[in-house]
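Undergrad:
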RNA sequence: GGUUUCAUGGCCGAGUGGCUAGGCAGAGCUCUGCAAAAGCUCCUACAGCGGUUCGAAUCCGCUUGAAACCUCCA
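Residue numbers (the working numbering): 352 to 851.
1) Using DSSP with H/G/I as helix, E/B as strand and the rest coil, what is residue 561?
2) So, at 6 Å on beta carbons, what are the nonlocal neighbours of residue 563 in its own chain, with the 5 sequence-adjacent residues on each side left out?
3) Expressed to the nearest angstrom, what Euclidean distance is found between the alpha-carbon atoms of residue 594 and residue 491?
4) Count the other CB atoms within 10 Å of the CB of residue 526; is the residue buried (16 or more) or exposed (fewer)?
5) Could you give the distance in angstroms between the alpha-carbon of residue 352 and the alpha-carbon of residue 663?
6) Can you confirm whether the region 495-502 touches the region 473-483 when touching is taken to mean that 3 or more C-beta pairs between the two stretches lie within less than 8 Å?
7) Report yes if the C-beta distance between residue 397 and residue 670 is below 8 Å; otherwise report no.
8) Looking at residue 597 and residue 421, is the spacing between their C-beta atoms short of 8 Å?
9) Hey, residue 756 and residue 715: beta-carbon distance below 8 Å or not?
10) Where do the N-terminal and C-terminal ends of the alpha helix (DSSP H) with residue 774 fall, by residue?
11) Exposed or buried, which one is residue 829 when buried takes at least 16 other CB atoms within 10 Å?
12) Is the region 740-751 in contact with the region 798-810, if contact means three or more CB pairs nearer than 8 Å?
13) With a threshold of 16 other CB atoms inside 10 Å of the CB of residue 463, please say whether the residue is buried or exposed.
14) Going along the chain, which residues of its own chain have a beta-carbon closer than 6 Å to the beta-carbon of residue 759, five neighbours each way excluded?
15) Below 8 Å on the Cβ atoms is my contact criterion, and I expect residue 644 with residue 468 to pass it. Report the Cβ-Cβ distance as a whole number of Å.
16) Note down the Cα distance separating residue 857 from residue 476, rounded to an integer number of angstroms.
17) Does the region 566-586 come into contact with the region 367-381, if we say contact requires no fewer than three beta-carbon pairs (one atom in each stretch) closer than 8 Å?
18) Identify every residue that forms a DSSP beta bridge with residue 739.
19) With a 10 Å radius around its C-beta and 16 neighbouring C-beta atoms as the bar for buried, classify residue 768 as buried or exposed.
20) Decide if the region 354-365 is in contact with the region 616-636; the criterion is three or more beta carbon pairs, one per stretch, under 8 Å apart.
21) Suppose the cutoff is 6 Å on Cβ atoms and the five residues either side in sequence are ignored; what does the same chain contact list for residue 375 look like?
22) Tell me the residue span of the alpha helix (DSSP H) that contains residue 551.
23) Would DSSP call residue 455 helix, strand or coil?
24) To the nearest angstrom, report how far apart residue 632 and residue 574 are at their CA atoms.
So this is what it looks like as structure tokens:
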């Protein structure tokens, strides 16, 4: 494992802390996944991409990371407090589908987008409905410890009781009294002893689609409970990193803290990481705000705010150019600039790989201390960026500085003969591994191969016309070797897949 | 109303008590059949007003503006 002073900003302490895993080299990381009742929008994508970088960099440093990201497929309610309808149940009724059809549809869509963005799949992707038994057990445990109470078939967490012994609000920085003062009146909270209490288990009305048997009657789990249960199950009572969007800090994550302490007496999470929001025209993108841009809309350019399509990797590069804890504003100008930057980086990747592949043909200089130091400093800057709370913007700046060297060698504006082998190797290896493995950027390739093929067919036609049969045969042979046969037809020249 | 965060050059966007961020755009040069790419050079900012300091864009205060959370949202 490389020696690094990785620092990350812990929401819990509001400070950058040195990352020290509980049981190195193992790292447990839990990220709150999507509620699969509609398509993920760009804001959701940003969060998951940010944590993909965390996962990738920790892995790059040699840690063995178990990355758990859940799918919320029940319990997340529409509207205020704990009286709304289940989001998935509502959508199911609306579209006359089984709730699990809704869940499957949007889970598939979510996975597809994650692949487009080249996000690594988590090690475990548990679902809330798959852990009802565990949620019942944890609810019972919390009741046993005196922090939960049953009311009318529902179970609530007793925040006031909890606050007598522990600090409720420590994660989000809220003071309970102020919280109460700022709250507005909500309907249907008579079951609760206090307004700040939250549901662990909800009694299901007869019309409710998603329901399970419980010691307190038919019902369904509260939203906050699943994350506590599943993180505990797969990462243990205490684990390293818990991540999510800033909007989940309160109440979701605050409730998670309370649930873990309420059930097991210990706080589960060592480092809380929160990503900032994505904004459109300065306003936060949110499903409830109604200003969502869907990934597919961005990729096709089919959206009123977009002047052109932007590819998945353009989006990824754009995201990585800002720090995850800052807000990120979507604009056409910024996306266009990102597109060019991304392509520059990819051209560099191509050049670096070419140089690497051809290295046997080069003659290198003997050791050059000055150059060696210079290259090492450039590389160190890239690592310093990532070590400083996953500052991908800083790392990218460093990579562009490496790229200058690579391009200089590639175009032979500086001869390789002045370079020593070691500097050459580390330069290329660092650039390639950072771009591909740490940042997760990949070449998107040519999107319109048919057009490229037409250029070739044009050359073929021309050669034929000029009776340059040597050239004609050459084109035929080389295209055939790629699985394409050129067809001379009465109507013109075309091509077909070689059926051999 | 409460809590918190932020304000950087034409645009996006890092960062830091004294040392070039980087990308995009623009100007010039090198290279080049033309062009592109690439490299080099230039453009070099830190909301306003005070204070601390040898020195602040960076720390403190005030003013102005913006956003987020306090209610479901990544």
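Cβ coordinates follow ideal geometry from the N, Cα and C atoms, glycine included. Please read all numbers here as calculations on a predicted model, not as lab measurements.
TA: In terms of the structure at hand:
1) coil
2) 483
3) 26 Å
4) exposed
5) Residue confidence for residue 352 is low, a pLDDT of 39 falling below 50, so the modelled location carries little weight; the figure read from the coordinates is stated next. Each residue's Cα considered, the two are about 32 Å apart.
6) no
7) yes
8) Against a cut-off of 8 Å, the Cβ pair of residue 597 and residue 421 comes out as no contact.
9) no
10) 772-784
11) exposed
12) no
13) exposed
14) Contacts found: 765.
15) That pair is no contact at about 14 Å.
16) Since the first residue shown for the chain is 352 and the last is 851, residue 857 is missing from the structure and cannot be characterised.
17) yes
18) Residue pairing by DSSP places residue 739 opposite 358 in a beta bridge.
19) exposed
20) Put simply, the region 354-365 touches the region 616-636. At least three CB pairs are less than 8 Å apart.
21) none
22) Note, residue 551: premise wrong, no alpha helix (DSSP H); beta strand (DSSP E) at 549-554.
23) helix
24) So the two alpha carbons sit approximately 31 Å from each other.
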